[in-house]
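Numbering (this note's numbering), first residue to last: 320 to 712. Think of the CB as a built atom: it goes at the ideal place given N, C-alpha and C, for glycine as much as any other residue.
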């Protein structure tokens, strides 16, 4: 029996492997923070790992969301630590009497759902922020992840996906059944990502970017998934045709040194800015004219939604959830993966055509603010919780 939400708050635990700067982490924090606290009593559990991408642990604590750190929960496969993490998480769930366990990310998703089943948690939910497996990984590893996701789905009441593509991909690989899947778009706070709030000129002065320069930008973790070396190579192609263009990269991660070295080799020094980790992402985007993404796989990239809210046309690869957000030739341009020459051509077109750039930016803004509304996202999740509580009772 579950404590009914109308009598006292329902105890909920959100699990995620790492609280690094990233879309899945931000989405989890927004959800935990905005759930109705009269109806839901929410904790977050995470591993202790952060890294060069930056940490969101302070943000969780600043929002006064109860946080449980399990150091044994790590991203890498480590049988000894994984068993310790599983045992510790199971004990925590049993002792704190959670009615709902809601997992995020691959490692926390597998261990968390198994622990919840062992602990007798009545409701188990997993959000797929892009599947843990992809075509860029070794075949054996890919199929191991698929098998684990199939198994975990049998211990899951609901699978939330942020893109239709992830649902189609999961069902094609026999992960869960259609009734388990629910589409809930990852969203952003529109008040923060409102281009009218920011003084573009002063932001550019801070960054030493000329007021009339065209800026192509990106916000991401510097990880293999984001494929930022190809971003630099595309920037180099654009720079050869449009030598006055500036390039702005916001973020950090394990590949930063390689990105810096390649930018220097390509002769981009002086017009290539790496800001490192910034908390003022809307202000950084306000300095941009075009947003370029070279990720090889994504679920639903929050940075794209943010960029569209900021009136930026988007150029990216035609991959996974990206094609659900970017409407080709309406809100931006999509190319086949790794077609850097075509990506550079599209960037050049946007550099030359200011009116078209603004039109695409406005179309993207309208789409993003209509489809990716943060309060709507949270209300949908609350509705799923409530329906499952009623069903279990």
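How about residue i and residue j: are their beta carbons less than 8 Å apart?
{"i": "residue 373", "j": "residue 624", "result": "no"}
{"i": "residue 667", "j": "residue 565", "result": "no"}
{"i": "residue 479", "j": "residue 444", "result": "yes"}
{"i": "residue 557", "j": "residue 427", "result": "no"}
{"i": "residue 650", "j": "residue 627", "result": "yes"}
{"i": "residue 335", "j": "residue 343", "result": "yes"}
{"i": "residue 533", "j": "residue 608", "result": "yes"}
{"i": "residue 370", "j": "residue 348", "result": "no"}
{"i": "residue 593", "j": "residue 578", "result": "yes"}
{"i": "residue 701", "j": "residue 354", "result": "yes"}
{"i": "residue 482", "j": "residue 618", "result": "yes"}
{"i": "residue 368", "j": "residue 389", "result": "no"}
{"i": "residue 572", "j": "residue 621", "result": "no"}
{"i": "residue 489", "j": "residue 447", "result": "yes"}
{"i": "residue 361", "j": "residue 376", "result": "no"}
{"i": "residue 603", "j": "residue 645", "result": "no"}
{"i": "residue 680", "j": "residue 632", "result": "yes"}
{"i": "residue 467", "j": "residue 429", "result": "yes"}
{"i": "residue 610", "j": "residue 513", "result": "no"}
DSSP on residue i, reduced to helix/strand/coil?
{"i": "residue 665", "result": "helix"}
{"i": "residue 413", "result": "helix"}
{"i": "residue 452", "result": "coil"}
{"i": "residue 702", "result": "helix"}
{"i": "residue 328", "result": "coil"}
{"i": "residue 572", "result": "coil"}
{"i": "residue 342", "result": "helix"}
{"i": "residue 387", "result": "strand"}
{"i": "residue 440", "result": "coil"}
{"i": "residue 642", "result": "helix"}
{"i": "residue 555", "result": "helix"}
{"i": "residue 352", "result": "helix"}
{"i": "residue 653", "result": "strand"}
{"i": "residue 589", "result": "coil"}
{"i": "residue 547", "result": "helix"}
{"i": "residue 635", "result": "strand"}
{"i": "residue 369", "result": "coil"}
{"i": "residue 619", "result": "coil"}
{"i": "residue 333", "result": "strand"}
{"i": "residue 446", "result": "strand"}
{"i": "residue 433", "result": "helix"}
Specify, as a first and last residue, the run of the alpha helix (DSSP H) that residue i falls within.
{"i": "residue 680", "result": "673-690"}
{"i": "residue 600", "result": "600-605"}
{"i": "residue 379", "result": "376-381"}
{"i": "residue 396", "result": "No alpha helix (DSSP H) holds residue 396; DSSP gives it neither H nor E."}
Ignore the nearest five residues each way along the sequence and tell me which others in residue i's own chain have a CB closer than 7 Å to its CB.
{"i": "residue 434", "result": "405, 408, 409, 412"}
{"i": "residue 687", "result": "624, 627, 628"}
{"i": "residue 544", "result": "614, 615, 616"}
{"i": "residue 581", "result": "548, 551"}
{"i": "residue 378", "result": "348"}
{"i": "residue 492", "result": "465"}
Would you give the residue range spanned by the beta strand (DSSP E) that residue i belongs to?
{"i": "residue 360", "result": "359-365"}
{"i": "residue 611", "result": "609-611"}
{"i": "residue 419", "result": "419-423"}
{"i": "residue 522", "result": "Premise fails: residue 522 lies in the alpha helix (DSSP H), 519-526, not in any beta strand (DSSP E)."}
{"i": "residue 536", "result": "534-538"}
Enumerate in chain order the residues of its own chain whose CB-to-CB distance from residue i is below 6 Å, with the five nearest sequence positions on each side excluded.
{"i": "residue 555", "result": "585"}
{"i": "residue 661", "result": "654"}
{"i": "residue 472", "result": "494, 495"}
{"i": "residue 718", "result": "Because residue 718 is not part of the residues shown, which for the chain are 320 to 712, the question remains open."}
{"i": "residue 791", "result": "Absent from the structure is residue 791, since the part of the chain shown begins at 320 and ends at 712."}
{"i": "residue 529", "result": "none"}
{"i": "residue 359", "result": "328, 329, 331"}
Given residue i, which residues of its chain have a CB within under 8 Å of its CB, disregarding the five upstream and five downstream residues?
{"i": "residue 357", "result": "328"}
{"i": "residue 403", "result": "391"}
{"i": "residue 439", "result": "413"}
Kindly indicate if chain D contains any beta-carbon less than 8 Å away from that of residue i.
{"i": "residue 685", "result": "No chain D is part of this structure, which consists of one protein chain only."}
Original post:
Of all the beta strand (DSSP E) runs that stay within the bounds of the segment 461-502, which reach a length of 3 or more residues?
Top reply: For the segment 461-502, the continuous beta strand (DSSP E) assignments of 3+ residues that do not extend past its boundaries occur at 477-480, 500-502, in sequence order.
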